[in-house]
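Numbering of the sequence shown is given in my numbering, commencing with residue 701 and proceeding in unit increments.
By construction, the Cβ of each residue, glycine as well, lies at the ideal position given by its N, Cα and C atoms.
In this text, all values refer to a predicted model and were calculated from it rather than measured experimentally.
Worksheet: the structure to be examined is printed underneath.
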Amino acid sequence: MAYNDPDLNEQARTRRDKLHALERQGIVPYGAAFPKAEPIQTLVAGFTEGKSVSTAGRLCAKRTMGKLNFADLRDASGKIQMCVKKDRVGDEAFTLFGELDLGDIIGVTGALFRTKTDEVTVQVDRFTILAKALRPMPEKWHGLKDVEIRYRQRYLDLIANEPVRKVFFQRSQLLASLRRTLERRGFLEVETPMMHPIAGGAAGEPFVTHHNALDADFYLRLAPELYLKKLLVGGLERVYEINRCFRNEGLSTQHNPEFTMLEAYAAYQDCAFMMDFVQELICDAAKTLVGSLQCEYQGQPIDLTPPWERVSFAKAMEEMGLTPQSSLEEMQTVLQRKGMQVKELNRSQLVRLTEQLFSPKTKSKPLFVVDYWTELSPLAKSKPDNPLITERFELYIGGMEVANAYSELNDPIEQRRRFEAQLEGQGAGDGGRGKTSSPTPHAPRPTPQRRVIDEDFVTALEYGMPPAGGLGVGVDRLAMILLNQPSIKDVILFPLLKPEIS
């Protein structure tokens, strides 16, 4: 059974008996389309005495008073009271209504009126069974508390918990806000492949699949970055994509192996442009969802008012005794002093570990971390006055990495050199960070045999890519912060869970 309730089997049998009784009476228990003109909330808000209405939803409460039934009908927008009188609907229909169970989906037609307690109510003339519920609703509509059930059977969570429904309506509003801002600034929404012949564009362990007709392995995308930059080569000057990316790695409150990313690229711009733009993007979203630039995340007030603070990664590393020129032994010493395991790690892996030494201190204001080492950013352009530091930032809000951006490397010769350095284990690890979210916990060691140079991307650069700024935003994490949700699972409708054993 779906959840542990000692009465569930008996209740389920009773409901099936009622289903068969309906069928014997010639009543279709799973009806066809029903003329529902407007949401229940609209009916209540626009109340007109005596107005004839047709609406539909799930039966969520019943109160019998002799020849009179009161009941509540709920849809996605809200609920409304119904009044079913025996002398109005007839003996047969009144008896049938009494046999309905909580959770049944019905359509009703009648006139609106207000009760003595001023509650908007439908005086039912007719009702139709649209879907017979064969299982009882969770905890009698008082809310579903079991977290495992909430994530595994999200449909029950949505039925029982109105705040959860609100979260996912607001997530949709977040996506709409992001798109409005992007389109206002001239960005074109595009779609790029989800299956890649090469696992590239970002660090991470990919999911592997096989195409039977081509007899070839493909990888679920780590990031759309390289495809989007090919579009810059092709003359599309401002492009963006909001879609899924994948990591075959660990889970946490901030990580799901399947997650939503926004990536945007603007030709003839740079990292500084993207720094201003991401502030505009997130502030617009906050105004839409929260109504102001002041929000709260898990008890921590956050002020989103620009400009946002900045801190230098390179300077923070210098204070710990590390620079881009530090030797292998120097890195090992500092990392070991911080309690990290460094045995048998090559330079590229040690360089990636240095990121974990940095922990943003400011949580009450968004924080830009700038001046990343070039070895950590194989797709980013170096600073003109220092080839060991890139024009790149990561954005932290509430202590979480939310966005990553840089001035895009468009020199094909330098790009090939960095790719080759990666393959030799002397660069930024297995494919570079890219613009996706921070490394996941318990991630497996990279598999070098999967890392090859994306020759088509280098070829595209050889035709000439304009200077550009690129931005990646973790949509799920941004939703967590703006909607004040403690776990990424709370903003993903169907998060990845360990399969149940039948």
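{"Query": "Excluding the five sequence neighbours on either side, which residues of its own chain have a C-beta within less than 7 Å of the C-beta of valine 908, listed in chain order?", "Result": "Asp917, Tyr919"}
{"Query": "Thinking just about the alpha-carbon of each residue, which of Tyr965, Thr815, Leu1035, Met1040 is nearest to the one in leucine 931?", "Result": "Tyr965"}
{"Query": "Going straight from the alpha carbon of alanine 702 to that of phenylalanine 794, what length do you get?", "Result": "Residue placement at alanine 702 is flagged as unreliable, the pLDDT there being 47, under the threshold of 50; the coordinate-derived value follows with that caveat. Distance between the alpha carbons of alanine 702 and phenylalanine 794: 32 Å."}
{"Query": "Are the segment 972-980 and the segment 1162-1172 in contact at 8 Å, needing three or more beta carbon pairs?", "Result": "yes"}
{"Query": "Classify valine 1175 as helix, strand or coil using the three-state DSSP reduction.", "Result": "helix"}
{"Query": "Using the beta-carbon count (16 or more within 10 Å), is threonine 815 buried or exposed?", "Result": "exposed"}
{"Query": "Which value, in whole angstroms, describes the spacing of the CA atoms of proline 1148 and leucine 1123?", "Result": "Bear in mind that a pLDDT of 43 at proline 1148, under 50, signals an unreliable position, so the model cannot answer this."}
{"Query": "Who are proline 1001's beta bridge partners in DSSP?", "Result": "Glu996"}
{"Query": "In chain order, which beta strand (DSSP E) runs of at least 3 residues are fully inside the segment 814-842?", "Result": "820-831"}
{"Query": "If contacts are defined as beta-carbon pairs under 8 Å, then leucine 1028 and threonine 1054 qualify, I think. What distance do you get, rounded to the angstrom?", "Result": "Their Cβ separation, rounded to whole angstroms, is 12 Å, which puts leucine 1028 and threonine 1054 out of contact at 8 Å."}
{"Query": "Roughly how many angstroms lie between the CA atoms of isoleucine 740 and leucine 888, to the nearest whole one?", "Result": "36 Å"}
{"Query": "For isoleucine 1185, write down the residues that DSSP places opposite it in a beta bridge.", "Result": "Looking at the sequence shown, residue 1185 is not isoleucine but glutamine. None, per the DSSP bridge assignment."}
{"Query": "Nearest to valine 978 by CA position, among Arg788, Lys1198, Ala1105, is which residue?", "Result": "Ala1105"}
{"Query": "Is the beta carbon of aspartate 772 sitting closer than 9 Å to the one on methionine 782?", "Result": "yes"}
{"Query": "Provide the residue span of the beta strand (DSSP E) that contains proline 1112, from first to last.", "Result": "Unbroken run through proline 1112 is the alpha helix (DSSP H), 1112-1123; no beta strand (DSSP E)."}
{"Query": "Just verifying my parser: in three-state terms, what is the DSSP assignment at glutamine 781?", "Result": "strand"}
{"Query": "Can you give me the C-alpha to C-alpha distance between aspartate 846 and tyrosine 1163, rounded to a whole angstrom?", "Result": "56 Å"}
{"Query": "Give the secondary structure of proline 1087 by DSSP, where H, G and I count as helix, E and B as strand, and everything else as coil.", "Result": "strand"}
{"Query": "On a Cα-Cα basis, can you pick out the residue from Val1191, Met1165, Ile1192 that is closest to glycine 934?", "Result": "Met1165"}
{"Query": "Suppose the cutoff is 6 Å on Cβ atoms and the five residues either side in sequence are ignored; what does the same chain contact list for methionine 895 look like?", "Result": "Phe918"}
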